[in-house]
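**Q** My questions will all concern the structure given below.
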Amino acid sequence: MVPTASPTSSARDLEQRHGARNYHPLPVTLVRGEGVFLWDDQGRRYLDMMSAYSAVSFGHSHPTLVQVLTEQAGRLAVTSRAFHTDRLGPFLARLCRDTGMERALPMNTGAEAVETALKAARKWGYKIKGVPEGQARIVVAEGNFAGRTTTIVGFSSEAQYRDGFGPFAPGFVSVPYGDIAALERALTPETVAFLVEPIQGEAGIVVPPPGYLRAARELCTRHNVLLICDEVQTGLGRTGRVLACQHEGVVPDGLTLGKALGGGLLPVSAFCAREEVMGVFRPGDHGSTFGGNPLGAAVGLAALELLEREGLCERALHLGERLMSGLRALRHPALQQVRGRGLLVGVEIDPAFAHARTVCEALLHEGVLSKDTHDTVVRFAPPLTVSAGQIDEAVQAFGRALAAVEAGQRRPGRKAA
Ligand SMILES: *Cc1c(COP(=O)(O)O)cnc(C)c1O
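Counting from 33, one number per residue, gives the positions in the sequence shown under the working numbering.
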């Protein structure tokens, strides 16, 4: 029997009782967001240093985006791709202009964009490269995160993401991230693509050695293998350029975008590619009921325009430097490494000091929201609209949070923060 809610049940109790236990949220219930701030049900204000894993790069409820959303919602929201709409073309044109690609295929979530890339790469392999049917291989990097579909978790190197979800799709091989010699050894005549994140986000903001992406580009060109950059998290200004691969002057054959593409309001994603790659799709090959809907297209176009108009790439670049140098200047012995690019920053916490989650809980008490990844990393990825002063506040709060964790450890029996 499903228990019924008493009038006094809090939203969090209901979530815990009726939801699947596939997340372990920090103990805070958010009710409102505006710009870089979030408010909880007690009226407490927090600085958002997480921005929904980059989905809220423009800040919460950006007035321009909310206006486009509400106007478009009142006019035409969803039609399916059975018909043309006046919103899709302009969105795709802008996407291609901003990414340097020739065609774009709109989906909703990042995982769907990656699935689209995998299908395109395989079909390109069979129809253009001439790989024998059923033999296509796609190389991925260890530590990858590309979503949660059964195919995608099948090539994850994270045991928990796979545990209990097999059997998995064949045709994937994994090589160490950042190791160009390993990539070269993995390429065979059947290899159709190398799928790679320019910086690994979920793995803990892992930055590859300089020149890695450029060398991968050269290898892929030489072996007639598609280079597909998964820029779902790193794209759209997060690292200080529209695309993170642009830091090395790399033009991939295809790339995936998501997260920030929906302006923090809707799920909007896309696979963008050169003509030769996207050209393999025929009517009926692939699709999505909601993909490319006029509401998502209008918001996506507005988001791309905003990225340029507000100069958010440049902001991310110099505020990211400020954030990283501020964190390093804390000179706290528990901070083993501060790394990242632009406003995608990871702080490696000495596991002997505390679990990264403990630090995030202490940070929550200091009014700053962040999230641990892989037990030892605290990530900082605020909206790109954050100010220099707010960056400094976050750094100071982080210093206080570390001190609070230490103080908690000095008093046995008392939990940190
Ligand atoms: C988040 C993410 C995805 C998956 O996006 P969803 O919208 O959660 O499906 C894919 N690739 C990368 C690099 C991501 O960070």
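Just so it is clear, CB atoms sit at the ideal spot from N, CA and C, and this is done for glycine as well.
In this text the structure is predicted, and so the values were computed from the model without any measurement.
1. Exposed or buried, what is Glu144 when buried is set at 16 or more other beta-carbons lying within 10 Å of its beta-carbon?
2. DSSP has Ala225 in a bridge; who is on the other side?
3. Which whole-angstrom value describes the C-beta separation of Ala213 and Val228, a residue pair presumed to lie in contact below a C-beta threshold of 8 Å?
4. Comparing alpha-carbon positions, which option in Pro299, Leu355, Leu339, Arg314 lies nearest His138?
5. Going by beta carbon distance, what residues of the same chain come within less than 6 Å of Thr183, once the five residues before and after it are set aside?
6. Are the stretch 289–303 and the stretch 120–137 touching by the rule of at least three beta carbon pairs closer than 8 Å?
7. Should Tyr193 be listed as close to ligand 1, given that the test is whether its C-beta is under 7 Å from any heavy atom?
8. Do the CB positions of Leu336 and Phe90 come within less than 8 Å of each other?
9. Of all the options Thr141, His406, Gly319, Gly233, which has the alpha carbon lying nearest to the alpha carbon of Gln192?
10. Using DSSP with H/G/I as helix, E/B as strand and the rest coil, what is Gly198?
11. Quick one: what does DSSP say Gly290 is sitting in, helix, strand or coil?
12. What's the C-alpha gap between Phe322 and Ala329?
13. Go ahead and pull the three-state DSSP assignment for Lys447.
14. Output needed for Val283: all residues of its chain with C-beta closer than 7 Å, excluding positions within five of it in sequence on either side, in chain order.
15. Is the beta carbon of Thr182 within less than 7 Å of some heavy atom of ligand 1?
16. Grouping DSSP H, G and I as helix and E and B as strand, with all else coil, what is Ser301?
17. Exposed or buried, Gly445, counting other C-beta atoms within 10 Å across all chains shown (16 or more means buried)?
18. Please name the residue in Arg411, Leu401, Val437 whose C-alpha comes closest to that of Arg76.
19. Would you call the stretch 342–360 and the stretch 426–444 in contact, with 3 or more CB pairs under 8 Å?
20. Hey, out of Val331, Thr408, Gly399, Ala178, whose CA is closest to Thr102's CA?
21. Thr220 by DSSP, collapsed to three states: which one?
22. Take every Cβ of the stretch 172–181, pair it with every Cβ of the stretch 229–237, and state whether three or more of those distances are shorter than 8 Å.
23. Just reading off the alpha helix (DSSP H) that Thr271 is part of, what are its end residues?
24. Roughly how many whole angstroms lie between the Cα atoms of Glu438 and Ala384?
25. Near Ala52, which residues of its chain fall below 7 Å by C-beta distance, leaving aside the five closest residues on each side in sequence?
26. Tell me the residue span of the alpha helix (DSSP H) that contains Val98.
**A** The structure says:
1. buried
2. Ile170, Leu258
3. No, Ala213 and Val228 are not in contact; Cβ-Cβ is about 15 Å, not under 8 Å.
4. Before going on, a small fix: residue 138 reads as Pro here, not His. Answer by Cα proximity: Pro299.
5. Ala201
6. yes
7. no
8. no
9. His406
10. coil
11. coil
12. 10 Å
13. Any reading at Lys447 must be qualified, since the residue scores a pLDDT of 46, below 50, and its modelled position is unreliable; no value is offered.
14. Gly132
15. no
16. strand
17. Residue confidence is low: Gly445 scores 48 on pLDDT, short of 50, so the model does not pin down where it sits. No coordinate-derived value is stated.
18. Leu401
19. yes
20. Val331
21. coil
22. yes
23. Where Thr271 is concerned, there is no enclosing alpha helix (DSSP H), given that its DSSP letter is neither H nor E.
24. 12 Å
25. none
26. 95–107
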